[in-house]
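Let me begin by presenting the structure, written as structure tokens, before commenting on it.
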Amino acid sequence: MTAPVNVTVTGAAGQIGYALLFRIASGAMLGPDTPVRLKLLEIPQAVKAAEGTAMELDDCAFPLLAGIDVDDDAARAFDGTNVALLVGARPRGPGMERGDLLEANGGIFGPQGRAINDHAADDVRVLVVGNPANTNALIAAAHAPDVPAARFTAMTRLDHNRALSQVAHKAGVPVAQVRRLAIWGNHSATQYPDLFHAEVAGAPADALTADTAWLTQEFVPTVAKRGAAIIDARGASSAASAANAAIDHVHDWVLGTPEGDWTSAGVVSRGEYGVPEGLVCSFPVTSSDGEWHVVEGLEIDDLSRGLIDASVAELEAERTAVRELGLV
Ligand code: NAD
Ligand code: LMR
């Protein structure tokens with residue numbers, strides 16, 4: 001058997017952590033032949049709860065679980081890490097403005113980026129889940145100058161999976177028959193789920209894209225506002241579906257996307273589709289040899305262009321705000 005892969009999970013005692021850790025340990029993320037060592041990072045007040053989760057992980061006797069460390073020190077938690085899942089973040093509190101939220105998260109993702117820079121393994125791959133995920137990834141990457149920027153990603157796979165399900169329901173087909181969807185932009189209500197290149201049951205999704213009223217008034221807002229709808233229904237933000245999307249993201253990053261299909265991920269723009277360089281923006285992506293590749297050469301219609309540009313403008317505004325706060 002191969003050597004264990006070190007996987008660091010921050011916010012391990014939170015609700016996503018609880019849905020995520022058992023699946024990582026079961027092999028769902030890195031495959032059935034790859035042992036993992038879990039490194040859980042929490043704030044001091046939540047270390048005891050994380051230790052409780054570690055006890056439960058032990059009690060599962062997962063054959064692939066090579067060990068569990070629990071820590072409140074980022075340098076130790078990221079030491080030698082190969083995969084870092086940055087889930088822990090500061091939620092918006094009463095009276096907090098957007099700038100306050102960005103600043104509070106800068107205080108988390110800046111030092112964690114620095115700790116990854118100084119202590120992680122050379123092949124480290126980072127997925128930021130904690131919101132605002134794209135800009136938190138930007139902040140972390142800015143504090144890790146020795147790590148290639150392409151190793152920092154933000155999660156929009158949950159949005160992608162939500163869009164797949166909405167299309168499958170509308171078209172009356174299994175989700176496996178929906179391919180080539182794309183989420184563009186920010187993981188926020190401005191995101192744009194794009195069906196113009198999608199295939200349903202092997203054919204272009206023309207019937208769906210021709211129905212402009214459904215597309216613009218139902219599909220796009222349903223996907224873009226799904227996070228808020230879950231909070232409204234559950235009284236808490238999505239957790240199991242977010243954990244599932246994190247598993248999917250890292251699985252495909254490490255093991256590759258299926259031939260002929262693509263997925264969506266927030267990756268550092270190199271100027272593709274006119275998105276300013278350096279922004280962490282969601283694009284349609286494939287993965288091979290452990291690297292994401294933006295799907296190039298797609299024709300972008302006017303409706304899509306406007307919606308992509310609006311979400312990218314929001315990302316630029318967030319970057320400007322964190323620059324002004326001295327966080328990047
Ligand atoms: P939660 O409040 O249940 O758990 C967060 C955990 O993070 C807590 O245990 C807290 O102690 C910990 N934490 C806070 N600061 C930390 C730090 N500096 N280091 C380590 N741990 C720290 O929240 P949750 O429901 O698990 O959600 C976590 C984050 O994921 C939130 O920001 C949420 O908005 C975001 N989220 C993102 C997506 C997405 O699709 N990108 C989807 C759902 C949720
Ligand atoms: C989601 O998309 O479910 C979350 O990002 C919502 C949130 O604000 O935590």
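Numbered by the UniProt record's numbering, the letters in the sequence shown go through residues 1 to 328 in order.
For each residue, glycine too, the CB sits at the ideal point set by N, CA and C.
If you check the beta carbons only, do residue i and residue j fall under 8 Å apart?
i      : j      : result
Thr153 : Val124 : no
Val254 : Ile139 : no
Asp71  : Arg180 : no
Ile108 : Ala89  : yes
Ala75  : Asp122 : no
Leu158 : Thr135 : no
Pro83  : Val250 : Sequence check: residue 83 is Val here, not Pro. Yes, these two residues count as a Cβ contact at 8 Å.
Leu65  : Val36  : yes
Val175 : Val200 : no
Ala150 : Glu291 : yes
Thr2   : Leu86  : no
Is the closest heavy atom of the ligand NAD to the C-beta of residue i under 7 Å?
i      : result
Ala46  : yes
Glu277 : no
His143 : no
Thr263 : no
Ala13  : yes
Gly130 : yes
Pro94  : no
Met155 : yes
Glu42  : yes
Just to confirm my understanding: we take residue i, look at its own chain, exclude 5 residues before and 5 after, and list those with CB closer than 7 Å. What are they?
i      : result
Phe196 : Thr209, Asp301 and Ser304
Val47  : Val70 and Asp72
Thr222 : Gln166
Leu315 : Asn134, Gly185, Asn186, Leu279 and Cys281
Arg23  : Met29, Ala243 and Ile247
With burial defined as no fewer than 16 other Cβ atoms inside 10 Å of the residue's Cβ, what is the status of residue i: buried or exposed?
i      : result
His169 : exposed
Glu97  : exposed
Arg319 : buried
Gln112 : buried
Lys39  : buried
Pro132 : buried
Met55  : exposed
Ala12  : buried
Leu147 : According to the sequence as given, residue 147 is Val; it is not Leu. Counting Cβ neighbours within 10 Å, Val147 comes out buried, since at least 16 surround it.
Gln166 : buried
Gln217 : exposed
Val41  : The sequence given here has Leu at residue 41, not Val. The residue is buried, with at least 16 neighbouring Cβ atoms inside 10 Å.
Thr212 : exposed
Ala142 : buried
Ile16  : buried
Leu30  : buried
Asp33  : exposed
Pro284 : buried
Leu325 : exposed
Ala50  : buried
Indicate, with yes or no, if the ligand LMR has a heavy atom lying under 7 Å from the CB of residue i.
i      : result
Leu101 : no
Ile230 : yes
Asn6   : no
Ala233 : no
Leu327 : no
Ser269 : no
Ser282 : no
Ala242 : yes
Near residue i, which residues of its chain fall below 8 Å by C-beta distance, leaving aside the five closest residues on each side in sequence?
i      : result
Met155 : Leu127, Val128, Val129, Ala133, His187, Ala242, Ala245, Ala246, His249, Ala265 and Gly266
Lys225 : Ala189
Gln191 : Thr156, Asp159, Ile183, Trp184, Gly185, Val223, Ala224, Ser282 and Ser311
Val214 : In the sequence as displayed, the identity of residue 214 is Trp instead of Val. The answer, listed in chain order, is Lys170 and Leu208.
Which same chain residues end up closer than 6 Å to residue i when comparing Cβ atoms and leaving out the 5 residues on each side of it in sequence?
i      : result
Gly27  : Leu64
Ala144 : Gly113, Ile116 and Asn117
Val275 : Ser269, Cys281 and Val312
Leu298 : His197
Ala205 : Leu195 and Ala198
Val178 : Leu164, Val167, Ala168 and Val200
Asn105 : Ala89, Arg90 and Asn136
Looking at C-beta atoms only, is the number of pairs between the segment 47–65 and the segment 261–280 that lie closer than 8 Å three or more? no
Below 8 Å, how does it come out for the segment 231–245 and the segment 263–271: are there three or more Cβ pairs, yes or no? no
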